[in-house]
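K.L.:
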Amino acid sequence: MKKSILVVEDDLRLASTMANALERRGHPTSVAHDADEAIESMAESPSDWVLLDLKVPGATGLSILAELMDRKSPPQVVLLTGFASLATAVEAGALGALQVLQKPADADEVLAAFHHSTKETDLSVPTLARAEWEHIQRVLEECGGNISQAARVLGLHRRTLQRKLGKDAPKR
Numbered sequence: 014m015k016k017s018i019l020v021v022e023d024d025l026r027l028a029s030t031m032a033n034a035l036e037r038r039g040h041p042t043s044v045a046h047d048a049d050e051a052i053e054s055m056a057e058s059p060s061d062w063v064l065l066d067l068k069v070p071g072a073t074g075l076s077i078l079a080e081l082m083d084r085k086s087p088p089q090v091v092l093l094t095g096f097a098s099l100a101t102a103v104e105a106g107a108l109g110a111l112q113v114l115q116k117p118a119d120a121d122e123v124l125a126a127f128h129h130s131t132k133e134t135d136l137s138v139p140t141l142a143r144a145e146w147e148h149i150q151r152v153l154e155e156c157g158g159n160i161s162q163a164a165r166v167l168g169l170h171r172r173t174l175q176r177k178l179g180k181d182a183p184k185r
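If you use my numbering, the sequence shown corresponds to residues 14 to 185, in order.
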């Protein structure tokens with residue numbers, strides 16, 4: 014029997030997409046969009062696994078994680094974040110998270126994280142080069158693809174930004 018999964022994510026589109034992908038892979042899935050919904054959902058119908066966003070309305074993902082781990086039979090939890098740091102990964106691991114995944118993560122990555130043995134926790138933190146690349150991409154998107162504007166926001170010369178964008182994305 015497939016494990017049930019609770020997706021705790023405030024981004025409605027991402028939550029829906031992830032839930033649908035997990036359902037297609039045979040896992041009964043429910044969604045919560047904030048801390049209160051997550052705690053209520055686990056009280057009414059506990060899930061085996063929880064995919065938990067680090068930043069949700071009402072509380073931090075780490076405080077929700079701590080509350081979930083205090084239960085009589087705690088679920089396995091994977092933390093999902095767009096703001097990964099080594100400190101967050103270490104704290105999440107200490108609180109009981111199986112893994113910390115960097116957004117965007119797909120359903121296969123999420124399921125692979127849950128299938129990792131709890132004794133072999135692999136906290137996935139991006140390299141500095143990858144974090145820089147992703148930050149540049151976010152700023153460029155916010156600037157509507159305007160390289161000159163993005164360069165001003167990033168505090169870089171336009172040609173420096175163009176050189177960075179001309180390179181392949183670094184490996185995680």
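Yeah, the Cβ is synthetic: ideal placement off N, Cα and C, and Gly gets one too.
(1) V20 and A48 - do their beta-carbons sit closer together than 9 Å?
(2) Could you check which residue in Q89, V166 and E104 has the C-alpha nearest to that of L153?
(3) From this set, D121, L27 and G95, which residue's C-alpha is nearest H148's C-alpha?
(4) Quick one: Cα of T134 to Cα of V91, how far?
(5) Near S130, which residues of its chain fall below 7 Å by C-beta distance, leaving aside the five closest residues on each side in sequence?
(6) For R37 versus A120, is the C-beta spacing smaller than 9 Å?
(7) Of the choices S54, A79 and T73, whose alpha-carbon is the least far from that of G106?
(8) Taking the straight line between their C-alpha atoms, what separation do you get for E155 and S86?
(9) Between the C-alpha atoms of W146 and R84, what's the straight-line distance to the nearest angstrom?
(10) Cα separation between L178 and S17?
(11) With distances taken between CB atoms, is the gap from D66 to L93 smaller than 9 Å?
(12) In chain order, what residues of the same chain have a beta carbon less than 6 Å from the beta carbon of M31, not counting five sequence neighbours either side?
(13) Kindly identify the DSSP beta-bridge partner or partners of S43.
(14) Using the C-alpha atoms, what's the distance from R143 back to E50?
(15) Counting along the chain, where does the beta strand (DSSP E) carrying T94 start and finish?
(16) How would you call T42, buried or exposed, if buried means at least 16 neighbouring beta carbons within 10 angstroms?
P.N.:
Here's the rundown:
(1) By 1-based counting over the sequence shown, the position of residue 48 is 35. By 1-based counting over the sequence shown, the position of residue 20 is 7. Contact flag unset, no.
(2) Against the sequence shown, residue 153 aligns to sequence position 140. Among Q89, V166 and E104, the Cα nearest to that of L153 is on V166.
(3) Indexing the sequence shown from 1 puts residue 148 at position 135. Of the candidates D121, L27 and G95, the one whose C-alpha sits nearest the C-alpha of H148 is G95.
(4) Here the question's residue 134 lines up with position 121 in the sequence shown. Here the question's residue 91 lines up with position 78 in the sequence shown. Bear in mind that the predicted position of T134 carries a pLDDT of just 42, short of 50, making it too unreliable to give a figure here.
(5) Stepping through the sequence shown from its first residue, residue 130 is reached at position 117. Residue placement at S130 cannot be trusted, given a pLDDT of 44 that sits under 50; what the coordinates show is reported in the next sentence. Excluding positions up to five away in sequence, the list is empty.
(6) Taking the sequence shown and counting its residues from 1, the one referred to as residue 37 is at position 24. Taking the sequence shown and counting its residues from 1, the one referred to as residue 120 is at position 107. Contact: yes.
(7) Counting from 1 along the sequence shown, the entry for residue 106 is found at position 93. It is A79.
(8) In the sequence shown, counting from the first residue as 1, residue 155 sits at position 142. In the sequence shown, counting from the first residue as 1, residue 86 sits at position 73. Answer to the nearest angstrom: the Cα atoms are 43 Å apart.
(9) Counting from one through the sequence shown, the residue named residue 146 turns up at place 133. Counting from one through the sequence shown, the residue named residue 84 turns up at place 71. Answer to the nearest angstrom: the Cα atoms are 39 Å apart.
(10) Here residue 178 corresponds to residue number 165 of the sequence shown, with the count starting at 1. Here residue 17 corresponds to residue number 4 of the sequence shown, with the count starting at 1. In a straight line, the C-alpha of L178 is about 41 Å away from that of S17.
(11) Taking the sequence shown and counting its residues from 1, the one referred to as residue 66 is at position 53. Taking the sequence shown and counting its residues from 1, the one referred to as residue 93 is at position 80. Yes, the Cβ-Cβ distance between D66 and L93 is below 9 Å.
(12) Residue 31 sits at position 18 when you count from the first residue of the sequence shown. Excluding positions up to five away in sequence, the list reads V20.
(13) By 1-based counting over the sequence shown, the position of residue 43 is 30. For S43, DSSP records a beta bridge to L19.
(14) Taking the first residue of the sequence shown as position 1, residue 50 is located at position 37. Taking the first residue of the sequence shown as position 1, residue 143 is located at position 130. Between E50 and R143, the C-alpha separation is close to 33 Å.
(15) The sequence position of residue 94 within the sequence shown is 81, counting from 1. Run containing T94: Q89 to T94, per the beta strand (DSSP E) assignment.
(16) What you label residue 42 is simply residue 29 of the sequence shown in a count that begins at 1. By the neighbour-count rule (16 or more Cβ atoms within 10 Å), T42 is buried.
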